[in-house]
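The block underneath contains the structure these notes are about, expressed in structure tokens.
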Amino acid sequence: MCIAVPGEVIELFPPEARVKIMGVETIVNIQLIDNLNVGEHVLIHAGCAIEKIDKSYYDNLLGIFESMVDENE
Numbered sequence: 770m771c772i773a774v775p776g777e778v779i780e781l782f783p784p785e786a787r788v789k790i791m792g793v794e795t796i797v798n799i800q801l802i803d804n805l806n807v808g809e810h811v812l813i814h815a816g817c818a819i820e821k822i823d824k825s826y827y828d829n830l831l832g833i834f835e836s837m838v839d840e841n842e
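Note that the numbering used here numbers the sequence shown so that position 3 is 772, with each residue one more than the last.
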């Protein structure tokens with residue numbers, strides 16, 4: 770099974786972008802995504818942005834991941 774995490778694009782420098790994942794900034798490859806813009810949201814797997822997602826879906830996924838972290842603290 771694979772898991773992808775939601776991130777927000779904060780800087781573009783193709784073929785990579787800086788994204789924020791639950792408050793942590795990291796660099797991901799964006800070659801699989803066309804027409805990506807700062808402020809958009811993506812799913813990230815194995816260091817690659819694999820799909821654009823809308824804000825509503827991003828917020829939903831972020832809530833799920835945050836609740837999982839809270840349960841383990």
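The C-beta atom is built at its ideal place from N, Cα and C for all residues, glycine as well.
Exercise. Does any heavy atom of the ligand GTP sit closer than 7 angstroms to the C-beta of residue 817?
Worked result: As far as ligands go, the structure on display features none, and thus does not contain the ligand GTP.
For this session: Kindly indicate which three-state DSSP category residue 840 falls into: helix, strand or coil?
Result: Within the sequence shown, residue 840 is the residue found at index 71, counting from 1. Of the three classes helix, strand and coil, the one that applies to residue 840 here is helix, per DSSP.
For this session: Could you tell me how far apart the beta carbons of residue 775 and residue 814 are, in whole angstroms, since I believe they sit closer than 8 angstroms?
Result: For this step, residue 775 is matched to residue 6 along the sequence shown. For this step, residue 814 is matched to residue 45 along the sequence shown. Not really, about 11 angstroms apart at Cβ, beyond 8 angstroms.
Exercise. How many Å lie between residue 824 and residue 778 at the Cα?
Worked result: Along the sequence shown, read from residue 1 onward, the residue named residue 824 stands at position 55. Along the sequence shown, read from residue 1 onward, the residue named residue 778 stands at position 9. So the alpha carbons of these two residues sit roughly 12 angstroms apart.
Exercise. Which residue comes first and which comes last in the beta strand (DSSP E) that contains residue 784?
Worked result: Taking the first residue of the sequence shown as position 1, residue 784 is located at position 15. No beta strand (DSSP E) holds residue 784; DSSP gives it neither H nor E.
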